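In what follows, a single structure is set out as structure tokens and then discussed.
Protein chains: 2
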Amino acid sequence: MTTNLPSNDRALRERAAAVIPGGMYGHLSTVLLPDDYPQFFDRGEGAYIWDADGTRYLDLMCAYGPNLFGYAVESVDAAAIAGIRRGDPLTGPSELMVELAEQMVGMVSHADWAMFCKNGTDATTMALMTARAQTKRKTVVLAKGAYHGAAPWCTPRPMGTTAEDRANQIFCTYNDIASLEEAVAKAGDDLAAIFAAPFKHDSFVDQSLPDPAYARRARELCDEAGAMLVVDDVRAGLRIARDCSWSVVGVKPDLSTWGKAIANGHPISALLGADTAREGAQSIYVTGSFWYAMAPMAAALETLRLVRETNYLEKTERLGQQLRDGLHDSAGAHGFSLRQTGPAQMPLIMFDEDPDLRLGFAWASEMLKRGIYMHPWHNMFLCDAMDEDDISAAINAADGAFAALKRQRPTLGPVTKLAAFA
Amino acid sequence: MTTNLPSNDRALRERAAAVIPGGMYGHLSTVLLPDDYPQFFDRGEGAYIWDADGTRYLDLMCAYGPNLFGYAVESVDAAAIAGIRRGDPLTGPSELMVELAEQMVGMVSHADWAMFCKNGTDATTMALMTARAQTKRKTVVLAKGAYHGAAPWCTPRPMGTTAEDRANQIFCTYNDIASLEEAVAKAGDDLAAIFAAPFKHDSFVDQSLPDPAYARRARELCDEAGAMLVVDDVRAGLRIARDCSWSVVGVKPDLSTWGKAIANGHPISALLGADTAREGAQSIYVTGSFWYAMAPMAAALETLRLVRETNYLEKTERLGQQLRDGLHDSAGAHGFSLRQTGPAQMPLIMFDEDPDLRLGFAWASEMLKRGIYMHPWHNMFLCDAMDEDDISAAINAADGAFAALKRQRPTLGPVTKLAAFA
């Protein structure tokens with residue numbers, strides 16, 4: 020299956036197959052992407068990435084979220100490098116930890132305190148533990164299909180986990196108030212928390228923005244039960260608002276989780292909380308060898324400065340809309356109909372009449388050939404390093420890709436690698 | 020309690036108390052250290068750290084393990100910085116991931132493959148999941164009191180966790196073959212894994228080296244049951260051997276977990292495995308936003324070069340023995356008797372006749388005043404940046420500290436902050 024790939028990627032895959040289980044793992048594995056997608060990359064700059072064979076792409080994945088201002092932003096990297104050269108990590112935190120906590124608390128309207136960690140999963144797990152410690156209850160309500168990390172309690176695939184790892188969880192349907200109320204009723208007097216994605220950004224299905232009534236009802240139900248409302252902003256944080264993403268629907272959670280973009284790719288995540296959850300947060304024991312390192316905190320401080328002082332948010336929204344409009348028109352001109360869902364700056368693009376994703380896969384391949392790296396079943400991300408010309412180039416590429424797809428359509432077979440997910 | 024601290028540290032603590040639950044959390048919190056220990060640090064270089072008020076210490080904690088070759092090692096940092104400037108992290112891994120997997124597999128005799136992650140806890144959790152996926156069983160045997168991370172299944176304090184989080188665990192006593200056999204018998208036909216620290220390095224109690232018969236019996240029991248043997252080398256890895264730490268007792272695990280020092284402080288951890296566990300590893304879904312970043316992989320490659328090409332291991336063993344001998348003599352000259360346990364390069368120092376640690380706390384304070392940062396109840400670490408003069412300085416400081424302790428002894432009260440742990 021990889022025999023037509025350029026030589027460096029193919030050689031790396033062969034070496035990797037010997038020393039990495041399955042050759043690669045996790046969300047950056049290309050195992051569920053079209054066969055011609057490169058697995059290995061060489062470098063990134065601004066809005067572009069170069070694969071291991073030197074081919075350049077406009078990268079609509081932005082490292083699956085961390086890239087908010089572009090790859091290799093000088094000022095952010097310089098801050099991190101200065102931290103590294105201060106001997107990072109040390110036997111205790113630096114003043115940057117306090118400064119970063121103060122700045123995040125100042126920026127996020129529901130937050131009174133912050134804790135820092137490394138993975139998004141660390142933050143969601145700490146939210147779970149904090150909610151249980153605070154309420155002295157166990158049951159959490161989550162939306163079916165929502166991704167909250169890859170620990171045993173939440174990983175989307177069950178291998179290696181036990182039924183006990185998933186105990187005390189009740190599932191509802193996102194944006195469905197009746198199902199949320201039913202789940203909360205089922206929890207009875209044991210409701211510790213309601214977890215919510217800021218919008219529905221599950222893989223393989225259309226995204227949907229939060230119904231404000233749903234968000235408000237989640238808040239009310241938590242208030243009535245004395246439970247914690249958690250917004251998992253790991254993926255969307257800083258991309259929807261300069262605040263928690265549910266600020267746009269006027270709802271303040273007790274806890275919010277952050278990661279990915281908060282240091283523009285430097286490794287740090289965070290749990291933010293209101294005073295309603297402080298005692299619980301203070302009582303749990305969580306830690307990591309590298310959690311208090313100053314380099315990514317310095318990078319986060321510089322990223323937050325850019326968040327405050329630039330129009331990155333309005334710009335990525337505008338470019339996302341430009342892309343959405345252009346793709347809509349181009350698809351229509353070639354006889355295709357797209358469902359482009361979610362916020363324009365975090366788009367998911369699916370084809371109508373494409374239940375097994377054969378159109379999506381073939382189109383993504385055609386885009387890749389034209390230098391645009393897109394994803395057929397996961398939301399994408401725009402970054403501040405993109406400009407109107409980049410988006411125009413993507414729309415031009417799409418025109419060619421739709422034309423090619425139209426020619427291929429009669430002979431396209433099902434995507435066999437997705438059969439297990441059908 | 021912090022009113023006598025120098026002003027920068029005090030001011031930072033006050034600010035932190037407002038925006039970080041408890042003012043600080045995790046293993047770098049000074050809440051269970053003597054009152055005069057600084058919480059915040061400014062920088063590190065070689066074997067030394069400077070606190071937020073500019074006071075310099077010879078650092079016997081080495082960031083709780085990550086510092087193996089010294090703080091701010093130029094060649095390691097340069098490798099990481101080059102990775103950062105390549106736009107790290109990207110939408111896929113770089114060739115460095117393959118190279119690092121190959122090098123770790125080449126170095127660690129039991130390993131056929133590697134997976135990389137961020138926290139030590141990621142690696143131990145992946146070991147747990149891999150063992151369960153490989154064996155299709157649930158029960159794991161662990162040693163009472165051993166630290167394997169801070170996720171709900173293993174965190175040493177139960178707040179925020181549930182009984183279900185700790186299900187399917189059976190505890191034995193480290194180095195006690197009969198108790199290990201009993202635990203395995205209790206697991207019956209459901210034994211997925213035996214977890215083992217490379218030596219007993221629990222907090223608050225004497226360390227002990229592994230009894231080779233215990234290690235061999237653990238291997239035999241796993242072989243008989245078709246279970247996985249896991250050595251958790253997160254803390255001790257690269258400090259005992261240029262291989263898995265149980266190579267010194269001639270026992271090969273199926274899985275070993277690594278972190279802390281493998282990139283000299285840059286954020287990366289790893290799960291290494293034999294082919295006996297490859298299928299399980301390949302089947303689990305684990306990932307993290309920053310796991311595939313090339314900067315810490317580049318740092319790890321340079322650290323491994325230093326591991327291969329320098330005598331850091333023999334040097335830290337020798338310096339550790341110099342420290343141990345010098346402290347033994349100095350303590351004896353002042354009428355004190357120490358228990359110095361574990362490998363000399365990872366020493367734990369406890370006083371005889373000191374059940375509530377009042378001597379240990381007071382002595383650590385006196386050492387701190389003399390510019391030596393030590394820990395009264397957690398193992399310490401030597402690093403390659405130390406030299407004979409540093410150790411002599413520590414022994415000289417100890418002489419003054421023991422003399423001061425002798426004068427204080429009649430008036431020392433119990434350490435109230437440890438009462439909860441008595």
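Just so you know, the sequences run in chain order A and B. Each residue of the first sequence is one higher than the one before, counting from 20 in the numbering used here. Each residue of the second sequence is one higher than the one before, counting from 20 in the numbering used here. No residue lacks a Cβ here, since even glycine has one placed at the ideal position from N, Cα and C. Computed from a predicted model, the values in this text were never measured in an experiment.
Contact set for residue 410/A: own chain, Cβ-Cβ below 6 Å, skip 5 residues either direction: In the first sequence, counting from the first residue as 1, residue 410/A sits at position 391. Cβ neighbours of residue 410/A beyond the five flanking positions: 338, 341 and 342.
Cutoff 7 Å: residue 64/B Cβ touching any chain A Cβ: Stepping through the second sequence from its first residue, residue 64/B is reached at position 45. Answer yes: the Cβ-Cβ gap between residue 64/B and chain A drops below 7 Å somewhere.
Assumed close pair residue 442/A, residue 140/A - CB separation to whole angstroms, cut-off 8 Å: No answer is possible for residue 442/A: it lies beyond the span of chain A, which begins at 20 and ends at 441.
For residue 364/A, the three-state DSSP class (helix, strand or coil): Counting from one through the first sequence, the residue named residue 364/A turns up at place 345. Coil.
Proximal residues to residue 192/A (C-beta, below 7 Å), its chain only, five neighbours per side dropped: Sequence index remark: in the first sequence, residue 192/A carries index 173 (1-based). Closer than 7 Å at the Cβ level, and outside the excluded window around residue 192/A, lie 162, 163 and 198.
Near-chain B residues of the stretch 287 to 302 of chain A - C-beta to any C-beta below 9 Å: 287, 288, 292, 296, 297, 298, 299, 300, 301 and 302
Chain A within 7 Å of residue 46/B, Cβ atoms only: Taking the second sequence and counting its residues from 1, the one referred to as residue 46/B is at position 27. Output row for residue 46/B: interface = yes.
Residue 226/B, DSSP secondary structure in three states: Counting from 1 along the second sequence, the entry for residue 226/B is found at position 207. Residue state, collapsed to three classes: coil.
N-terminal and C-terminal residue of the beta strand (DSSP E) that residue 75/A is part of: Translated into the one-based positions of the first sequence, residue 75/A becomes position 56. Segment 75 to 78, the beta strand (DSSP E) holding residue 75/A.
Any C-beta of chain A under 7 Å from that of residue 382/B: In the second sequence, counting from the first residue as 1, residue 382/B sits at position 363. No, residue 382/B does not count as interfacial toward chain A.
Partners in chain A for residue 183/B, counting only beta-carbon separations shorter than 7 Å: In the second sequence, counting from the first residue as 1, residue 183/B sits at position 164. Here the neighbours are 183, 186 and 187.
Coil, strand or helix - residue 442/B by DSSP: Residue 442/B is absent from the model: chain B starts at 20 and stops at 441.
Under 7 Å between C-beta atoms of residue 189/A and residue 202/A: For this step, residue 189/A is matched to residue 170 along the first sequence. For this step, residue 202/A is matched to residue 183 along the first sequence. Yes. Within cutoff.
Cβ contact (3+ pairs, closer than 8 Å) linking the stretch 312 to 327 of chain A and the stretch 94 to 110 of chain A: yes
Of the residues 52/A, 45/A, 72/A and 51/A, the one placed nearest residue 25/A, counting alpha carbons only: Here residue 25/A refers to the residue found at position 6 when the first sequence is read from its first residue. Cα-wise, what sits closest to residue 25/A is 72/A.
Neighbour flag for residue 157/A against chain B, beta carbons, 7 Å: For this step, residue 157/A is matched to residue 138 along the first sequence. By this cut-off, residue 157/A is an interface position.
Min CB distance residue 139/B to chain A below 7 Å: Looking up residue 139/B in the second sequence gives position 120. Closer than 7 Å to some Cβ of chain A, the Cβ of residue 139/B qualifies, so yes.
Neighbour flag for residue 59/B against chain A, beta carbons, 7 Å: If you number the second sequence from 1, residue 59/B lands on position 40. At least one chain A Cβ lies under 7 Å of residue 59/B.
CA-to-CA distance, residue 380/B to residue 433/B, given in whole angstroms: Here residue 433/B refers to the residue found at position 414 when the second sequence is read from its first residue. Here residue 380/B refers to the residue found at position 361 when the second sequence is read from its first residue. Computed Cα separation, rounded: 10 Å.
Residue 263/B (DSSP reduced to helix, strand or coil): Counting from 1 along the second sequence, the entry for residue 263/B is found at position 244. In the structure shown, residue 263/B sits in coil (DSSP, three-state: anything other than H, G, I, E or B).
Rounded straight-line distance, which links the Cα of residue 80/A to that of residue 51/B: Numbered from 1 along the second sequence, position 32 holds the residue referred to as residue 51/B. Numbered from 1 along the first sequence, position 61 holds the residue referred to as residue 80/A. So the alpha carbons of these two residues sit roughly 44 Å apart.
Sequence ranges, beta strand (DSSP E) only - wholly within the stretch 329 to 388 of chain A, length at least 3: 357 to 360 and 367 to 370
Closer than 7 Å to chain B by CB, residue 40/A: As a working note, residue 40/A is residue 21 in the first sequence. Taking 7 Å as the CB threshold, residue 40/A lines the interface with chain B.
Rounded separation between residue 301/B and residue 179/A - CA only: Position 282 of the second sequence holds residue 301/B. Position 160 of the first sequence holds residue 179/A. Rounded to whole angstroms, residue 301/B to residue 179/A spans 10 Å at the Cα level.
Closest residue to residue 438/A among 63/A, 374/A and 160/A (Cα-Cα distance): Mapped onto the first sequence, residue 438/A falls at position 419. If we check each option's Cα against that of residue 438/A, 374/A comes out closest.
Under 7 Å by beta carbon: chain B residues contacting residue 310/A: The residue you call residue 310/A lines up with position 291 of the first sequence. For residue 310/A, the chain B residues whose Cβ falls inside 7 Å of its Cβ are 45, in order along the chain.
Residue environment, residue 187/B, which counts as buried when at least 16 other CB atoms sit within 10 Å: Residue 187/B sits at position 168 when you count from the first residue of the second sequence. Per the 10 Å Cβ criterion, buried.
Contact list for residue 100/B against chain A, beta-carbon separation under 9 Å: The residue you call residue 100/B lines up with position 81 of the second sequence. Within 9 Å Cβ-Cβ: 96, 99, 100, 103 and 104.
Within 7 Å of chain B by C-beta, residues of the stretch 63 to 82 of chain A in sequence order: 63, 64, 68, 71, 78, 80 and 82
Three-state secondary structure assigned by DSSP to residue 163/A: The residue given as residue 163/A occupies position 144 in the first sequence. Coil, per DSSP.
Burial state of residue 308/B (16 or more Cβ within 10 Å): Translated into positions along the second sequence, residue 308/B becomes position 289. So residue 308/B counts as buried.
Contact the stretch 56 to 75 of chain B vs the stretch 83 to 94 of chain B: 3+ CB pairs below 8 Å: Yes: the two stretches touch, three or more of their Cβ pairs being nearer than 8 Å.
Rounded distance between the beta-carbons of residue 40/A and residue 134/B, thought under 8 Å: Here residue 134/B refers to the residue found at position 115 when the second sequence is read from its first residue. Here residue 40/A refers to the residue found at position 21 when the first sequence is read from its first residue. About 6 Å separates the CB atoms of residue 134/B and residue 40/A; that is less than 8 Å, so the two are in contact.
Residue 106/A CB to nearest heavy atom of the ligand GDP below 6 Å: Ligands displayed in this structure: none; no statement on the ligand GDP is therefore possible.
Below-7 Å beta-carbon distance, residue 114/A vs any chain B residue: Taking the first sequence and counting its residues from 1, the one referred to as residue 114/A is at position 95. Chain B contact via Cβ: present.
Cutoff 7 Å: residue 36/A Cβ touching any chain B Cβ: Residue 36/A sits at position 17 when you count from the first residue of the first sequence. No, no contact with chain B.
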